[in-house]
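Beneath this line is the structure, given in structure tokens, with notes to follow.
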Amino acid sequence: MPGTSIGDVLTASSAPRGSIYHHFPGGKSELMTEAVRYAGDFISSRIAASREGSAADSVASIGDVWRKMLVNSDFQRGCPVLAGGLARRVEPAVADEADEIFGRWRRQIASRLVYEGVDDARADSLANLIISAVEGAVSVSITQRSVEPLDLVITELARLCESAVVAG
């Protein structure tokens, strides 16, 4: 994100320059914050949509989203929320938004685990592990141009969720 200019966005989107500044008067920082928020809301909605299932189902759903994104982008696109978080030095407001989103995802996943009988501390720890492992797996999948790292991590995380629920 830090290396992306408004010109790059205009080229990729075919949007007129005036419309970008009309909708995002704060410029690149506001545009980046909104992009991170949009991506965060999308994943949050996927986590929420799997409420009828188990925490393991939520993990599988997150994996499905990332698998499609990786394949459809020919392994060119990673997580915009992570990219926003990594931009702290140059875009602190964007990084703050990313931090909030990671926290929301953690709370959503932890809440699901608690609902299934996992104690609060373990649920929070496991939710943090899930988010961190998935973000890492997406990055490794991009590097290797393969969904195998993501698939392996998702499978193990789902098993871990199931074990945590059984253990209570």
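Per numbering that gives the first Met the number 0, the very first residue in the sequence shown carries number 0; after that it's consecutive.
The beta-carbon is built from N, C-alpha and C at its ideal position, and this holds for glycine as well.
Beta carbon of Val-249, beta carbon of Val-152: below 9 Å? Since the first and last residues shown for the chain are 0 and 167, residue 249 lies out of range.
So the alpha helix (DSSP H) Cys-160 belongs to, where does it begin and stop? 147-166
Cα-Cα, which of Gln-143, Val-165, Glu-90 is closest to Leu-30? Glu-90
Rounded to whole angstroms, what is the Cα-Cα separation between Cys-160 and Ser-110? 13 Å
Sequence-distant residues of its chain with Cβ nearer than 6 Å to Gly-173 (five each side left out): The structure shown does not extend to residue 173, since the chain is modelled only from 0 through 167, so no value can be given for it.
Gln-107 (DSSP reduced to helix, strand or coil): helix
CB of Val-137 within 9 Å of CB of Gly-77, strictly: yes
Skipping 5 residues on each side, what residues in its chain have a beta carbon closer than 7 Å to that of Ala-59? Ile-153, Ala-157
With H, G and I counted as helix, E and B as strand and the rest as coil, what does DSSP make of Ala-86? coil
With DSSP collapsed to three states, give me the class of Asp-98. helix
Assuming Glu-115 and Ala-54 form a contact by the criterion Cβ under 8 Å, report the distance between their Cβ atoms to the nearest whole angstrom. 6 Å
Arg-76 - DSSP class collapsed to helix/strand/coil: coil
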